[in-house]
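Order-wise, the sequence lines are chains S and W.
Position 20 of the first sequence, counted from 1, bears residue number 20 in UniProt numbering, the numbering being contiguous throughout.
Position 236 of the second sequence, counted from 1, bears residue number 236 in UniProt numbering, the numbering being contiguous throughout.
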Amino acid sequence: MSLAAEAFMSQMAAAEPWPENATLYQPLKEDQILLSDCASSLAVQAYLRMCGLPVQVFCRANAEYMSPSGKIPFIHVGNQVVSELGPIVQFTKAKGHSLSDGLDDVQRAEMKAYMELVNNMLLTAEISRPRYSSPYSWPLNKILAYQKQWEVRRKMNAIGWGGKTLEQVYEDVSQCCQALSQRLGTQSYFFNKQPTELDALVFGHLFTILTTRLTSTELAERVKSYSNLLSFCRRIEQTYFEDKSS
Amino acid sequence: LYLSSVQSLDPLPMHGRDLDVHPEDFMETPDQGQDSKQEILENKDVVVQHVNIQGLGRTKEDLLGYEISDVFHAKNLIDVMKRAHVARQRLLRLGIFKDVEVLIDTSEGTDALPNGLDVTFEVTEVKRLTGSYNTMVGNNEGSMVLGLKLPNMLGRAEKLTFQFSYGTKETSYGLSFFKPQPGHFELSMETECQSNICVSLQFPLGVTNHTLKWEGVWRELGCLARSASFAVREESGHSLKSALSHTVSVDSRNSAIFPSRGALLRINQELAGYTGGDASFLKEDFELQLNRRLFWDSVLSASLWGGMLYPIGGQASCIADRFYLGGPTSVRGFGMYSIGPQSEGDYLGGEAYWAGGLHLYTPLPFRPGKGGFGDLFRTHFFLNAGNLCNLSYGDGPRAHLQKLAECIRWSYGAGIVLRLGNIARLELNYCVPMGVQSGDRICDGVQFGAGIRFL
Numbered sequence: 001m002s003l004a005a006e007a008f009m010s011q012m013a014a015a016e017p018w019p020e021n022a023t024l025y026q027p028l029k030e031d032q033i034l035l036s037d038c039a040s041s042l043a044v045q046a047y048l049r050m051c052g053l054p055v056q057v058f059c060r061a062n063a064e065y066m067s068p069s070g071k072i073p074f075i076h077v078g079n080q081v082v083s084e085l086g087p088i089v090q091f092t093k094a095k096g097h098s099l100s101d102g103l104d105d106v107q108r109a110e111m112k113a114y115m116e117l118v119n120n121m122l123l124t125a126e127i128s129r130p131r132y133s134s135p136y137s138w139p140l141n142k143i144l145a146y147q148k149q150w151e152v153r154r155k156m157n158a159i160g161w162g163g164k165t166l167e168q169v170y171e172d173v174s175q176c177c178q179a180l181s182q183r184l185g186t187q188s189y190f191f192n193k194q195p196t197e198l199d200a201l202v203f204g205h206l207f208t209i210l211t212t213r214l215t216s217t218e219l220a221e222r223v224k225s226y227s228n229l230l231s232f233c234r235r236i237e238q239t240y241f242e243d244k245s246s
Numbered sequence: 001l002y003l004s005s006v007q008s009l010d011p012l013p014m015h016g017r018d019l020d021v022h023p024e025d026f027m028e029t030p031d032q033g034q035d036s037k038q039e040i041l042e043n044k045d046v047v048v049q050h051v052n053i054q055g056l057g058r059t060k061e062d063l064l065g066y067e068i069s070d071v072f073h074a075k076n077l078i079d080v081m082k083r084a085h086v087a088r089q090r091l092l093r094l095g096i097f098k099d100v101e102v103l104i105d106t107s108e109g110t111d112a113l114p115n116g117l118d119v120t121f122e123v124t125e126v127k128r129l130t131g132s133y134n135t136m137v138g139n140n141e142g143s144m145v146l147g148l149k150l151p152n153m154l155g156r157a158e159k160l161t162f163q164f165s166y167g168t169k170e171t172s173y174g175l176s177f178f179k180p181q182p183g184h185f186e187l188s189m190e191t192e193c194q195s196n197i198c199v200s201l202q203f204p205l206g207v208t209n210h211t212l213k214w215e216g217v218w219r220e221l222g223c224l225a226r227s228a229s230f231a232v233r234e235e236s237g238h239s240l241k242s243a244l245s246h247t248v249s250v251d252s253r254n255s256a257i258f259p260s261r262g263a264l265l266r267i268n269q270e271l272a273g274y275t276g277g278d279a280s281f282l283k284e285d286f287e288l289q290l291n292r293r294l295f296w297d298s299v300l301s302a303s304l305w306g307g308m309l310y311p312i313g314g315q316a317s318c319i320a321d322r323f324y325l326g327g328p329t330s331v332r333g334f335g336m337y338s339i340g341p342q343s344e345g346d347y348l349g350g351e352a353y354w355a356g357g358l359h360l361y362t363p364l365p366f367r368p369g370k371g372g373f374g375d376l377f378r379t380h381f382f383l384n385a386g387n388l389c390n391l392s393y394g395d396g397p398r399a400h401l402q403k404l405a406e407c408i409r410w411s412y413g414a415g416i417v418l419r420l421g422n423i424a425r426l427e428l429n430y431c432v433p434m435g436v437q438s439g440d441r442i443c444d445g446v447q448f449g450a451g452i453r454f455l
């Protein structure tokens, strides 16, 4: 389909309300999902809950290949498939749900800058921790694991992180957390009293780092040293994720 | 007596049936005056004492014993000529000789009988390394194939081939190894594109031909368009299929493309999942074709196909393993693979199907080009029918049969068929599809098809 036709289709879809049976797909939790993918998925889930849009989460071994852009998570709404946080925010905005409407231009630019910071620092720090086994059978699991590692290494080299040691990675993470902590200060959320997509993104990444069962907890320790970020995560978890079970 | 030699055009062993090639073609019609001499030759008893093969370089002799053994059983001179000709064909078919000449002479030497004959095959071996350029026709696709071959690698007709294929649908390369054991079996191993390995053993058993095969395939499915339906999108990703299969076929037709008599029965079963891999299923399919000559050189042909896929272990079947129906090579008048379960315009295939066809082939009206080019064409009138569905387990076989019997798609029409070599054919038909269900895509009117296996 040409770009114009796709744009037309998404305009048509935007007019429909959010259905009850929207679904979100991510890789299997147990042995497949990468740290960065887990963080991205959690960020999208947090964002949708903040908007008050119901979505059901499905775990699939081939979620990565099902996604139209190859990145996860992706949502299936009506007959539209949208992947990654950025496009999903746009998609919900077209349907009339937005968290950042109340921001002025300066704040919006600031929000974008912080989101980029998180994406560059935390996301790539997560990628540098390899954790990829496979639900496939032999020899496919070995081949796909090698392919994935090679891909990640190539990406790291492309952004200049190839030569960094673990210590340097931890230092970068600390600095990023310090910037976020300073911005957050004593507020409940990053901007005003309402959560925005930046809150969802930061929550997704920090919560994943804090709760993941990695061999080394160095990353988690670094994040824990900033108490306001810790309480920020806990607050969002209690507000948006725990009321599901109650 | 010197039988003329004919260059072998195709170094690969051809599995298509030769059409109308008989030893009698090589006999000259005797003049009237020579009748008596001819009679004497025919009635004279002979004994074939020696059969020699000259010109062997790296080929081992024990390989050829089976091919030439039949010549010893000849009883008279004409018989010797016939059997020698058949043996020559077989030697050429091994693909290791560039040409073969036959020399029949009276025996000489101390143990020579008065009616003894010596038959000598003078062979020229092929070079150690050959290159080739072919074009290949599959079902609605064509490709150009460049090949590099080591024929007769170790002296027993082993063949190692590397092929690069550039086609309308895909580009691929592959390595294959082939070892025939004449009279017993044929072993072949092929790999393709780093994603496909196949080892197969082919052997005759009485009138049947059996093939045992193990196949390992790494499949990667993806959506071609962003607008692909979600049911197709769900099947994207990698899967590994490791399957054992067995095929038995009985073929008594006199030609693969335009048979005028005989029948073909081929039954195939495939079991995946017990030798590793993700895909786990049992697949059965069969093909039946009957041909009969009618008045005025026309031939009536009936064919029936069917198959069933049974996923094992509770997981759903993969879209790449299911059957598809429709198109110029199966039920004509419908779009390619466009019958059966579908989702938003994408066809998902089915787990059980059947298809049948009834054809009447006649030579072209007024027979233009008879005896030459015109013989490659036929007109044909056809009636095709078929159905495809999924099986919802727990319903029992009766319910499945009922499902396949309702909502039958069928079509009729007429067209022209052209034979390509001995393996493929082109068709141009005018079709009228009937019994169309909602969701099927039809192709009524003119439909063109090319392929090797037609309903």
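By construction, the Cβ of each residue, glycine as well, lies at the ideal position given by its N, Cα and C atoms.
Quick one: does W:TRP218 have its CB under 8 Å from some CB of chain S? Position 218 of the second sequence holds residue 218 of chain W. Answer yes: the Cβ-Cβ gap between W:TRP218 and chain S drops below 8 Å somewhere.
State yes or no: is the beta carbon of W:PHE281 nearer than 8 Å to at least one beta carbon in chain S? Counted from its first residue, the second sequence places residue 281 of chain W at position 281. Judged by the 8 Å Cβ criterion, W:PHE281 is not in contact with chain S.
Since W:PRO151 sits in a beta bridge, which residues does DSSP pair it with? For the purposes of this step, residue 151 of chain W is identified with residue 151 of the second sequence, where counting begins at 1. Paired residues: W:LYS159.
Cβ of S:ALA15 within 8 Å of any chain W Cβ: Mapped onto the first sequence, residue 15 of chain S falls at position 15. By this cut-off, S:ALA15 is not an interface position.
Any beta strand (DSSP E) of 3 or more consecutive residues that is wholly inside the region 62-92 of chain W: Runs found: none.
Just to check my reading of the structure: S:MET121 and S:VAL173 have Cβ atoms closer than 8 Å, yes? What is that Cβ distance to the nearest angstrom? Working through the first sequence from its first residue, we reach residue 121 of chain S at position 121. Working through the first sequence from its first residue, we reach residue 173 of chain S at position 173. Right, the Cβ-Cβ distance comes to about 6 Å (below 8 Å), so this counts as a contact.
For W:SER343, the three-state DSSP class (helix, strand or coil): Taking the second sequence and counting its residues from 1, one reaches residue 343 of chain W at position 343. Correct three-state label for W:SER343: strand.
Integer Cβ distance of S:ALA43 from S:LEU180, believed to fall under 8 Å: Here residue 43 of chain S refers to the residue found at position 43 of the first sequence. Here residue 180 of chain S refers to the residue found at position 180 of the first sequence. Incorrect: roughly 14 Å between the Cβ atoms, too far for contact.
In whole angstroms, what is the alpha-carbon distance linking W:CYS171 and W:GLU192? One-based indexing of the second sequence puts residue 171 of chain W at position 171. One-based indexing of the second sequence puts residue 192 of chain W at position 192. One point to set straight first is that residue 171 of chain W is Thr, not Cys, in the sequence displayed. When rounded, the distance between both Cα atoms is 11 Å.
Looking at the unbroken alpha helix (DSSP H) that takes in S:THR208, where does it start and where does it end? Mapped onto the first sequence, residue 208 of chain S falls at position 208. 197-211 is the extent of the alpha helix (DSSP H) around S:THR208.
In the UniProt domain "Thioredoxin-like fold" (40-127) of chain S, which residues sit with their C-beta less than 9 Å from some C-beta in chain W, listed in chain order? Listed in sequence order: ARG60, ALA61, ASN62, ALA63, GLU64, TYR65, MET66, SER67, PRO68, HIS76, ASN79, VAL81.
Helix, strand or coil, according to DSSP, for residue 294 of chain S in the structure here? With chain S running from 1 to 246 in the structure shown, residue 294 of chain S is simply not present.
Three-state class that DSSP yields for S:ASN79 in the structure shown: Taking the first sequence and counting its residues from 1, the one referred to as residue 79 of chain S is at position 79. Looking at S:ASN79 - three-state DSSP - the assignment turns out to be coil, as it is neither helix nor strand.
Nearest-angstrom Cα distance between W:GLY237 and W:THR59? Start at 1 with the first residue of the second sequence, and residue 237 of chain W comes out as number 237. Start at 1 with the first residue of the second sequence, and residue 59 of chain W comes out as number 59. Using only the alpha carbons, I get a separation of about 48 Å.
Alpha carbon of W:HIS85 to alpha carbon of W:GLY340, nearest angstrom: One-based indexing of the second sequence puts residue 85 of chain W at position 85. One-based indexing of the second sequence puts residue 340 of chain W at position 340. Between W:HIS85 and W:GLY340, the C-alpha separation is close to 51 Å.
For the region 227-254 of chain W, which residues have a beta carbon sitting closer than 7 Å to at least one beta carbon of chain S? Taking 7 Å as the Cβ-Cβ cut-off against chain S, the residues of the region 227-254 of chain W that qualify are SER227, PHE230, ARG233, GLU234, SER236, GLY237, HIS238, LEU240.
Opposite W:SER176 in the DSSP bridges: which residues? Counted from its first residue, the second sequence places residue 176 of chain W at position 176. Beta-bridge partners assigned by DSSP to W:SER176: W:THR161, W:GLU190.
Contacts that W:GLY277 makes with chain S (C-beta to C-beta distance below 7 Å): Your numbering for residue 277 of chain W matches position 277 in the second sequence. In chain order: SER137.
Within chain S, the residues that W:GLY222 reaches when beta carbons sit closer than 7 Å: As a working mapping, residue 222 of chain W is identified with position 222 in the second sequence. Near W:GLY222 (Cβ distances below 7 Å), the residues of chain S are TYR65.
Using 10 angstroms around the beta-carbon of S:PRO19, count the other beta-carbons present and answer buried if the total reaches 16, otherwise exposed. As a first step, residue 19 of chain S is located in the first sequence; it is residue number 19 there, counting from the start. Answer is exposed; the Cβ neighbour count stays below 16.
Which residues in the same chain as S:LYS71 place their Cβ atom closer than 6 Å to its Cβ, once the five residues preceding and following it in sequence are excluded? Along the first sequence, read from residue 1 onward, the residue named residue 71 of chain S stands at position 71. The beta carbon of S:LYS71 lies closer than 6 Å to those of SER83, GLU84 in the same chain, with the five residues before and after it left out.
Burial state of S:SER12, where buried means 16 or more other Cβ atoms lie within 10 Å: Against the first sequence, residue 12 of chain S aligns to sequence position 12. The sequence as given places Met at residue 12 of chain S; Ser does not occur at that position. Around the beta-carbon of S:MET12, fewer than 16 other beta-carbon atoms lie within 10 Å, marking it exposed.
Can you check which of these residues, W:ALA399, W:PHE382, W:ILE442, is closest to W:GLY413 by C-alpha distance? For the purposes of this step, residue 413 of chain W is taken as residue 413 along the second sequence, with counting starting at 1. Distance from the Cα of W:GLY413 is smallest, within the candidate group W:ALA399, W:PHE382, W:ILE442, for W:PHE382.
Applying the 10 Å Cβ sphere with the 16-neighbour rule, what's the burial state of W:THR329? Here residue 329 of chain W is taken as the residue at index 329 of the second sequence, counted from 1. By the 10 Å Cβ count, W:THR329 comes out buried.
Can you confirm whether S:ARG140, when its beta carbon is compared against all beta carbons of chain W, has any partner nearer than 8 Å? As a working mapping, residue 140 of chain S is identified with position 140 in the first sequence. Checking the sequence, you will find Leu at residue 140 of chain S rather than Arg. Closer than 8 Å to some Cβ of chain W, the Cβ of S:LEU140 qualifies, so yes.
Give the interface partners of S:LEU144 over in chain W, defined as CB-CB distance under 8 Å, in chain order. For the purposes of this step, residue 144 of chain S is taken as residue 144 along the first sequence, with counting starting at 1. Using a Cβ-Cβ cut-off of 8 Å, S:LEU144 is close to HIS238 of chain W, given in chain order.
Measure the C-alpha to C-alpha separation of S:GLU167 and S:ALA39 and round it to an integer number of angstroms. Here residue 167 of chain S is taken as the residue at index 167 of the first sequence, counted from 1. Here residue 39 of chain S is taken as the residue at index 39 of the first sequence, counted from 1. Their backbone Cα atoms lie some 22 Å apart in a straight line.
Given W:TYR166 as reference, the closest of W:SER188, W:THR110, W:SER143 once Cα atoms are compared: As a working mapping, residue 166 of chain W is identified with position 166 in the second sequence. Of the candidates W:SER188, W:THR110, W:SER143, the one whose C-alpha sits nearest the C-alpha of W:TYR166 is W:SER143.
Counting only the same chain and skipping the five closest in sequence on each side, list residues whose C-beta sits under 8 Å from that of W:ASN140. Residue numbering aside, residue 140 of chain W sits at position 140 when the second sequence is read from its first letter. For W:ASN140, same chain residues with a beta-carbon under 8 Å away, outside a window of 5 residues either side, are GLY327, PRO328, THR329, MET336, GLY449, ALA450, GLY451 in chain order.
Option in W:LYS169, W:THR161, W:ASP79, W:GLY183 with minimal Cα separation from W:ARG90: Indexing the second sequence from 1 puts residue 90 of chain W at position 90. Taking only the C-alpha atoms, the option nearest W:ARG90 is W:GLY183.
With a threshold of 8 Å, are at least 3 pairs of Cβ atoms found where one atom belongs to the region 96-111 of chain S and the other to the region 196-215 of chain W? No, the region 96-111 of chain S does not touch the region 196-215 of chain W.
For the beta strand (DSSP E) holding W:GLN49, just list the boundary residues, first then last. Working through the second sequence from its first residue, we reach residue 49 of chain W at position 49. Note, W:GLN49: beta strand (DSSP E), 47-54.
Excluding the five sequence neighbours on either side, which residues of its own chain have a C-beta within less than 6 Å of the C-beta of S:CYS60, listed in chain order? Start at 1 with the first residue of the first sequence, and residue 60 of chain S comes out as number 60. The sequence shown places Arg at residue 60 of chain S, not Cys. The residues are TYR25.
What is the C-beta distance between W:ARG332 and W:ASN384, in whole angstroms, given that I count them as a contact (C-beta under 8 Å)? In the second sequence, residue 332 of chain W corresponds to position 332, counting from 1. In the second sequence, residue 384 of chain W corresponds to position 384, counting from 1. About 5 Å; that satisfies the 8 Å criterion.
Sheet register partners of W:ALA355 (DSSP bridge): Here residue 355 of chain W refers to the residue found at position 355 of the second sequence. Looking at the DSSP assignment, W:ALA355 forms a beta bridge with W:TRP305, W:GLY386.
Exposed unless 16 or more other CB atoms sit within 10 angstroms - verdict on W:VAL21: Numbered from its first residue, the second sequence carries residue 21 of chain W at position 21. Annotation note: pLDDT 44 at W:VAL21 (below 50); position unreliable, no value reported.
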